[in-house]
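Peer 1:
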Amino acid sequence: MSNRFIPLEPMQPRERIGVYVCHCGSNIAGTVDVAEVRDWAEKRLAHRGVVVARDYKFMCSSLGQELIAKDIKEQGLTRVVVAACSPHLHEQTFRKACQMAGLNPYLCELVSIREQVSWVHTDKHAATDKAKAILSGGVERVMRHTPLEPLHVPIHPATLVVGGGIAGIQAALEIADAGFPVYLVEREPSIGGHMAQFDKTFPTLDCAACILTPRMVSAGNHPNITLLTWSEVTRVDGYVGNFTVTIRKKARYVKEELCTGCGVCQEKCPKRVVDEQYEAGLGFRKACYIPFPQAVPKYPVIDTENCVFFAKGTCKACQKFCPTNAIDYDQKDEYLSVQVGNIILATGYDLFDARRVSQYGYGRLANVFTSLEFERLSNSAGPTNGNIVLRDGVTTPKTVGIIHCVGSRDRNFNNYCSAICCMQSLKFAHLVKERTGATVYNFYIDIRTTAKAYDEFYQRVLEEGTLFVRGKVAEVTDAARKPGEEGKIIIQVEDTLVGKQRRIPVDMVILANGLEPRRDAKEVAKIFGISCSADGWLIEKHPKLDPVATMTEGIYIAGCATGPKDIPSTVAQGAAAAASVLGRIQQGEIALEPVRASVLEERCSGCRICNNLCPFNAITFHEDRMVTSINAALCQGCGTCVAACPAGAITGTAFSNEQIIGQIEGLLMRNLETAPVGAGQA
Amino acid sequence: MSDTFEPVIIGFTCNWCSYRAADLAGTARVKYPPNVRLIRLMCSGRLDPTFVLHALANGADAVMITGCHPGECHYIEQNYKALRRFLLLRRTLAGMGIEPQRVQLVWASAAEGARLAEEIARIVEEVRALGPLHWPTSTDLYGKPFSEEEAFSVTKETSAPAEVNA
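One line per chain: the protein sequences are A and B, in this order.
Each residue of the first sequence is one higher than the one before, starting from 1 at the first, in the working numbering.
Each residue of the second sequence is one higher than the one before, starting from 1001 at the first, in the working numbering.
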């Protein structure tokens, strides 16, 4: 029982501890008196084993690391505490430095006095005191550390890519070309994503289909890629190197092994439905349909909500005409289970619903279009064969207004910049000008054309004579007030460069609606054990230095799922995620943090309290010996069973009771030789 | 001594959410009072109620327990176990005459740096209003420094409620 409380160890220090306090330039030193913390540690913690305390401008620099290494060798340090930034940033750096100097890396503790002190507090005195307490907690913890070896687990060579847009396609092709198997899962009937809907791509104006469809075909034909469209991941078990993924393959009502993709079923299907997905509501499809001519794979899907047979039990036109008997109305959803070592999430984005900005009239005024509608309108394979016309389908507009930042950079909706809308709007302006000769107005807050050849494109559009009005549009209305406004849509805006209210009558309005996280991004994040930002985008491990990894080992993210970005950046991220995965696969195994629980069998009373606590089924009870044991391969190291064991028979490496109790006492300054009155408030 | 009472609060954080929320508060330079000292656990499920008692017995005026939002646990469901332990612990402490505000539970995701900072500020104010926690500590009882045997004897007294909770 007594082991439930672990008292401070006897006063004679057993370890030789080195303390290193980082200035981080002025990031820490600006708020914390670094020299005082160092002196204090040297004097007040000497009896706890601190033999050397130093401060340095940048502890993470090679000089700073050498300082530690030198002390380990010359002073025979057995423990190291670095007071600097968050362990999530530099724990590995300092562990490696210790390892190079011959000290077990797990005998080094990094305590955060930047994120937790200098960056969040302003009172220098209080901040310095808190830094001391945190450092003292680290010292008490590290002296109870034991040398550990990382766990090595093999990496399964297969990879799961979720999302068949350009990011997912790129990632899948890179990995497949390197010779490893890939499962590419897409929830729509065809891969291609948003890019397949676009007409031209900025700034070069290549046609999106011309550059995308060859990639789609490669992905569809690749011997190393298993394409699973009309499918969704429902469950992920396991951990890096060895995930078991359950995929729901929705019923297409078409036997893929028999279907040749001839399209007769689509032709003969009598039911016409407005295509909200691919044609953005501007065109029609059948109830039995291939979403677009270049779809990969070419197998159609029967939409049971609209199919006459599923509604009334008669029709069966598709079945009658199918030359290969591929239609199967009795098909059921299938559940597949696949083994993969790594997962890449490239789940993309949703468009901001322009109806939410009610003053812009989308859904109320016929000739207000969204960006995606305009993409379809200007696409030569689209519903109007590329003719830019009003909603009536015949009239060519003479004046067009393009409104930027719809739902983006707006406190009422999304604070962030959607990154692509400026260039997209400029592209629209160019296309309208080129195809109709209409007068084009751009209503913008700022023009952001920051990537390669983007500003040149802006200059080109300026030279073409497109008009730019700087100001956030107040209202789009059809209520004419002045002569010349009748029958027009009037854009009310404050021109901030002139300082005047303006009313500009136009025939067509295009709203550059921004990008939003997928509606189900949170549920997806939950399935894969990662997290979303407050806005709902998937969170990267480090925004700058690790942009495609996540906090969960073996799960990578790419493309717009992580935030708005253009096609070049999306492709780059897809390739980057693939490179990270390939690196892992090449190594064959991965070293994991040895944070695991284990049972001291001689202390286990067989009470079985822990037995039901493990969600990973790592805990087994042995009836014959009446003791419990933990399977280290299944244990994920959460420590719930450690906390529950009334006999203290379960220990958690790297987070033992001794270490945590020690840290508590350290944080409360119970370890000082002469504890001040009201200890802990030092 | 300054006029206002500055409580000392020990905060337990989860490696995956609230510790990262604290990191985010730092990166975003959100300010909060310096009274909370954080300990990183892998999961709120690791929180042994003994840790809370130990902190309160050794000079902490309050303890803040943090974890992932319900349904978002990195280890599937262990934060629910933390919640159960928290509720039981709070009731036990109430029986010992400890105000419930001295042990608080906060859910904070990795994205909620600002929220965590607000909650810390709120808890600090609440505990400041309560005043210091006067629990007899081992040093009060035995003088200092204390030996191992002495510490063990104190242990037995304070560990009793923990047994009930575990």
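We put the beta carbon where it would ideally sit given N, CA and C, even for glycine.
Got a sec, what are the start and stop residues for the alpha helix (DSSP H) D455/A sits in?
Peer 2: Y454 to E463
Peer 1: Check the DSSP bridge columns for H152/A and list the partner residues they point to.
Peer 2: A591/A
Peer 1: Can we count D350/A as close to the ligand MN, meaning its CB is less than 7 angstroms from some heavy atom?
Peer 2: You won't find the ligand MN in this model; it holds no ligand whatsoever.
Peer 1: Give a yes or no on whether the C-beta atoms belonging to G238/A and I155/A are separated by under 8 angstroms.
Peer 2: For the pair G238/A and I155/A, the CB atoms are not nearer than the 8 angstroms cut-off.
Peer 1: Mind checking whether I609/A and C645/A have CB atoms under 8 angstroms apart?
Peer 2: Yes, these two residues count as a Cβ contact at 8 angstroms.
Peer 1: What do you reckon, are the CB atoms on S1109/B and T1066/B nearer than 8 angstroms?
Peer 2: No, these two residues do not count as a Cβ contact at 8 angstroms.
Peer 1: Would the segment 119 to 129 of chain A and the segment 624 to 636 of chain A be scored as touching if the rule is three or more Cβ pairs under 8 angstroms?
Peer 2: no
Peer 1: Taking the C-alpha atoms as reference points, what is the distance between G583/A and A1055/B?
Peer 2: 44 angstroms
Peer 1: Within the 8 angstroms Cβ cut-off, does D123/A reach chain B?
Peer 2: yes
Peer 1: So which residues of chain B does T244/A contact, with C-beta pairs closer than 9 angstroms?
Peer 2: Going along chain B, no residue has its Cβ under 9 angstroms from T244/A, so there is no contact; the nearest lies around 15 angstroms.
Peer 1: The alpha helix (DSSP H) that contains T93/A, what's its start and end?
Peer 2: P87 to M100
Peer 1: So, under 8 angstroms CB-CB, C1014/B and L1038/B are touching, yes? Tell me the CB distance rounded to an integer number of Å.
Peer 2: That pair is no contact at about 11 angstroms.
Peer 1: Starting from Y1080/B and walking both ways along the alpha helix (DSSP H), at which residues does that stretch end?
Peer 2: Segment Q1078 to G1095, the alpha helix (DSSP H) holding Y1080/B.
Peer 1: Between K96/A, E42/A, A53/A and E74/A, which lies nearest to S62/A when the distance is taken from Cα to Cα?
Peer 2: K96/A
Peer 1: Using a Cβ-Cβ cutoff of less than 8 angstroms, which residues in the same chain neighbour G49/A once the five nearest sequence positions on both sides are dropped?
Peer 2: P13, R14, E15, R16, I17, R79, V139 and M143
Peer 1: Suppose you measure from the CA of P547/A to the CA of A576/A; what does that come to, to the nearest Å?
Peer 2: 9 angstroms
Peer 1: Near Y360/A, which residues of its chain fall below 8 angstroms by C-beta distance, leaving aside the five closest residues on each side in sequence?
Peer 2: A354, V368, I403, V406, V473, E475, V476, V509 and L511
Peer 1: So which of P1033/B, E1006/B and G1011/B has the shortest CA-CA distance to E1118/B?
Peer 2: P1033/B
Peer 1: For A558/A and A346/A, which I take to be in contact (beta-carbon distance under 8 angstroms), what is that distance rounded to the nearest angstrom?
Peer 2: 5 angstroms
Peer 1: According to DSSP, simplified to helix, strand and coil, what is V34/A?
Peer 2: helix
Peer 1: Which residues, in chain order, does the segment 90 to 118 of chain A contribute to contact with chain B at a C-beta distance below 7 angstroms?
Peer 2: R114, E115 and Q116
Peer 1: Could you check whether the segment 70 to 85 of chain A touches the segment 18 to 33 of chain A, counting it as contact only if at least three pairs of C-beta atoms, one from each stretch, sit closer than 8 angstroms?
Peer 2: yes
Peer 1: At what residues does the alpha helix (DSSP H) containing G666/A begin and finish?
Peer 2: N657 to L667
Peer 1: Is there a Cβ from chain A that is less than 8 angstroms from the Cβ of G1059/B?
Peer 2: Yes - at least one Cβ of chain A is within 8 angstroms of the one on G1059/B.
Peer 1: Closest to R688/A by CA distance: which of N414/A, Y416/A, R364/A and C417/A is it?
Peer 2: For chain A, the structure presents residues 1 to 682; residue 688/A sits outside this window and is missing.
Peer 1: Anything in the segment 1027 to 1038 of chain B with a Cβ closer than 9 angstroms to a Cβ of chain A? List those residues in chain order, please.
Peer 2: If the cut-off is 9 angstroms between Cβ atoms, the segment 1027 to 1038 of chain B has T1027, A1028, R1029, V1030, K1031, Y1032, P1033, P1034, N1035, V1036, R1037 and L1038 near chain A.
Peer 1: Report buried or exposed for N617/A, applying the criterion of at least 16 other Cβ atoms within 10 angstroms of its Cβ.
Peer 2: The residue in question, N617/A, is exposed, as its Cβ has fewer than 16 Cβ neighbours within 10 Å.
Peer 1: For W40/A, which three-state DSSP category applies?
Peer 2: If DSSP states are grouped into helix, strand and coil, W40/A belongs with the helices.
Peer 1: Taking 8 angstroms as the CB-CB cut-off, is W1135/B touching chain A?
Peer 2: no
Peer 1: List the endpoints of the continuous alpha helix (DSSP H) containing Q492/A.
Peer 2: Taken as a continuous stretch (DSSP letters only), Q492/A belongs to no alpha helix (DSSP H), being part of the beta strand (DSSP E) at I489 to D495.
Peer 1: What do you get for V274/A, buried or exposed, if any count of 16 or more other CB atoms within 10 angstroms of its CB means buried?
Peer 2: exposed
Peer 1: Give me the subset of the segment 574 to 606 of chain A whose CB atoms are less than 8 angstroms from a CB atom of chain B, sorted by chain position.
Peer 2: Within the segment 574 to 606 of chain A, those residues whose Cβ lies closer than 8 angstroms to any Cβ of chain B are, in chain order, V595.
Peer 1: Whole angstroms is fine: what's the gap from Q459/A's alpha carbon to I491/A's?
Peer 2: 25 angstroms
Peer 1: Below 8 angstroms on the Cβ atoms is my guess for C614/A versus C641/A; work out the distance and round it to an integer in Å.
Peer 2: Correct: roughly 6 angstroms between the Cβ atoms.
Peer 1: Could you work out which residues of chain A lie near I1010/B, taking near to mean beta carbons separated by less than 8 angstroms?
Peer 2: Within chain A, the residues near I1010/B are I664, L667 and L668.
Peer 1: Quick check on this structure: which residue in A1028/B, A1057/B, R1090/B and D1023/B has the alpha carbon closest to the alpha carbon of I718/A?
Peer 2: Absent from the model: residue 718/A. The displayed extent of chain A is 1 to 682, so no value can be given.
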